[in-house]
Amino acid sequence: MKCRAMLLVQALAAVGAAQQARAPARAITAPYTAYVACESSDEVYVVDFDGRAAVLREVVEVGYQATEIEGPHGLTIGPEQKFWYCSIAHGKPFGLLYKYRVGSNELVGECELGMFPATMQVSELTGLLYVVNFNLHGRMLPSSVSIVDPDAMVEVARTVTGAMPHGSRLTSSGDLHYSCAMMSGELYEIDAVSFEVTRSMQLDIDRPKNHASAAKPTWISPHPAERRIYAALNGKDQIVEVDTEKWLIRRRFGTAAGPYNLDVTPDGQLLVATYKSAGEIGVWDLQSGREVKRLKSSRGVTHGVVVSRDSRFAFVTAESKNADPGTLDIVELVAGEVVATVVVGLQAGGVALLQR
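What follows is the structure, encoded as structure tokens:
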């Protein structure tokens, strides 16, 4: 099979982890279960964490082309925690959305989307899934957000936004969707019910006309309670705080090199950022606007982050380089330290969390 050689590399790098990965699936008993998409091995790793130790429980092979790397990119879990979803980026030419049953990890549905579907989330209000079509192919033209009925696995609408949209996230109420366009530098707000773009903002204030954005915004994270969102400006080593009531940038935070993904703790106190170029993780106090902790990732290319519902832990992926396997680092936020690391597959990226 297409990933057999890659699995061999992983096994040589982490024999114990690989043996655990291929053990028979067991019942989920841990309070936290993380799903990690590994783009260069077409696998999703399922990791259980009990608050102290993490165990690699299962590896789910994804995709349908036996001779191609298809690039599982985004992951999300439905509000009822019965199903998890995975975007498959590389199609011919279009990508796919896969639907799996939580627990058994059985594939139960699929839907064709646009070019290079990436990050996504399900609205608590509408029950629909919103996934950005990142579109790495050809000229840097405006792309779109696909809106999918996850029960029927049918695309019901497609809303045009900017060039290379990413960071698909919804407000806690589920009524507004936000994403950023990496190459055109814009922030987009979409009404989750009407599917219409309601507002947009240029995040790259120095962008020359007819040039790609130097700011390269790569992620959006809404505040859980206040009318604020945070955007990672990957190309300018900044995180910006946008006041969505006044629709203006309120604060700018200088960061380590390459801020990439963000997540705000559900209690609204902290922002966790991955610094892809620096290979680090930053923890920010949102009241003071200060970075209170900076940690080294266990690999050199830090990627995704998701915070647990109890605001205790951040689950952070790292891609590594070449044939080295990626990792999942688990950060205890109060202590400000990495408390567990699990070796996963090649180019670990998207991450989703099931919490009981």
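Counting in this note's numbering, the sequence shown runs from 1355 upward without gaps. Built from N, CA and C at the ideal position, the CB exists for glycine as well. Computed from a prediction, not measured in an experiment: that's the story for all the values here.
(request) Let me know if Arg1605 comes out buried or exposed under the rule of 16 or more other beta-carbons within 10 Å of its beta-carbon. (result) exposed
(message) Measuring only the C-alpha atoms, how far is Ala1672 from Ala1569?
(response) 22 Å
(request) Grab me the residues of Ser1582's own chain with a C-beta within less than 8 Å of its C-beta, minus the 5 sequence neighbours each way, in chain order. (result) The question names Ser, yet the displayed sequence has Arg at residue 1582. Answer for Arg1582: Pro1576, Glu1595, Val1596, Asp1597, Thr1598 and Arg1604, listed in chain order.
(request) State the Cα-Cα distance for the pair Val1409 and Lys1600, rounded to the nearest angstrom. (result) 45 Å
(request) Please list, in chain order, all residues of the same chain as Ala1379 whose beta carbon is under 6 Å from its beta carbon, the five residues on each side excluded. (result) Bear in mind that the predicted position of Ala1379 carries a pLDDT of just 43, short of 50, making it unreliable; the figure below should be weighed with that in mind. Closer than 6 Å at Cβ, skipping near neighbours: Glu1412.
(message) With a threshold of 7 Å on Cβ separation, who are the neighbours of Phe1549 within its own chain once the five nearest residues in sequence on each side are excluded?
(response) Ile1501, Ala1511 and Thr1513
(request) Rank Arg1648, Val1685 and Arg1644 by C-alpha distance to the C-alpha of Val1659 and give the top, closest one. (result) Val1685
(message) I need the DSSP call for Phe1470, collapsed to helix, strand or coil.
(response) coil
(request) Take the Cβ of Ala1381 as the centre, count every other Cβ of all protein chains shown within 10 Å, and call the residue buried at 16 or more, exposed below. (result) Confidence is the limiting factor: at Ala1381 the pLDDT is only 49, short of 50, which leaves the residue's position unreliable and the question unanswerable from this model.
(message) So the candidates are Gly1405, Ala1407, Pro1426 and Arg1406; which of them puts its Cα closest to the Cα of Glu1415?
(response) Pro1426
(request) Check whether the Cβ atoms of Leu1524 and Ser1567 sit closer than 8 Å, and answer yes or no. (result) no
(message) Beta-carbon within less than 7 Å of Gly1654's beta-carbon, same chain only, minus the 5 sequence neighbours each way: which residues are those?
(response) Gly1633, Ser1674 and Lys1675
(request) Taking Asp1396 as part of the beta strand (DSSP E), name the residues at either end of that continuous run. (result) Segment: none, Asp1396 is in no beta strand (DSSP E) and carries neither H nor E.
(message) What does the alpha-carbon distance come out to for the pair Glu1618 and Pro1578?
(response) Looking at the sequence shown, residue 1618 is not Glu but Val. Near 8 Å, if we compare the C-alpha coordinates of Pro1578 and Val1618.
(message) Can you look up His1520 in the DSSP assignment and give me helix, strand or coil?
(response) strand
(request) Could you tell me the boundaries of the beta strand (DSSP E) in which Gln1709 lies? (result) Ala1702 to Gln1709
(request) Please go through the same chain and pick out, in chain order, the residues whose beta-carbon is closer than 6 Å to the beta-carbon of Ala1375, but skip the five residues on each side of it. (result) Residue placement at Ala1375 is poorly supported in this model, since its pLDDT is 40, which falls under 50; the coordinates still yield a value, given next. Closer than 6 Å at Cβ, skipping near neighbours: Leu1410 and Val1413.
(request) Check whether the Cβ atoms of Gly1432 and Pro1385 lie closer than 8 Å to each other. (result) no
(message) If distances are taken between C-alpha atoms only, which option among Ser1441, Gln1435, Gly1468 and Cys1440 comes closest to Val1456?
(response) Gln1435
(message) If distances are taken between C-alpha atoms only, which option among Pro1496, Ser1533, Gly1405 and Leu1649 comes closest to Asp1545?
(response) Ser1533
(message) Buried or exposed, going by whether 16 or more other CB atoms sit within 10 Å of the CB of Ala1586?
(response) buried
(message) One question on the structure: do Phe1470 and Leu1490 come within less than 8 Å of each other, judged by their Cβ atoms?
(response) yes
(request) Evaluate Asp1639 with the Cβ neighbour count: other Cβ atoms within 10 Å of its Cβ, from every protein chain shown; 16 or more gives buried, anything less gives exposed. (result) exposed
(request) List the endpoints of the continuous beta strand (DSSP E) containing Leu1649. (result) Arg1644 to Lys1650
(request) Could you please give me the residues that DSSP links to Ile1544 through a beta bridge? (result) His1531 and Val1551
(request) Find out if the Cβ-Cβ distance for the pair Val1705, Val1390 is shorter than 8 Å. (result) yes
(message) If I measure Cβ to Cβ from Met1537 and keep anything under 8 Å in the same chain, skipping five residues before and after, which residues do I get?
(response) Met1494, Gly1516, Ala1517, Met1518, Ala1566, Ser1567 and Lys1570
(message) Here's the rule I'm using: 16 or more other beta-carbon atoms within 10 Å means buried, otherwise exposed. How should Val1626 be labelled?
(response) buried
(request) Check whether the Cβ atoms of Thr1609 and Tyr1584 sit closer than 8 Å, and answer yes or no. (result) no
(request) Locate the beta strand (DSSP E) running through His1657, then write down its first and last residues. (result) Thr1656 to Val1661
(message) Can you tell me where the beta strand (DSSP E) holding Trp1638 begins and where it ends?
(response) Glu1634 to Asp1639
(request) Determine the DSSP secondary structure at Arg1380, reduced to helix, strand or coil. (result) Low per-residue confidence applies at Arg1380: pLDDT is 45, beneath 50, and the placement is therefore not dependable enough to give any value.
(message) Measuring straight from C-alpha to C-alpha, what distance separates Pro1679 and Leu1700?
(response) 5 Å
(message) Here's the rule: buried if 16 or more other CB atoms are within 10 angstroms of the residue's CB, otherwise exposed. What is Leu1649?
(response) buried
(message) So the candidates are Asp1664, Phe1607, Ser1652 and Ser1631; which of them puts its Cα closest to the Cα of Val1325?
(response) Examination of residue 1325 is not possible in this model, given that the chain is present from 1355 through 1710 alone.
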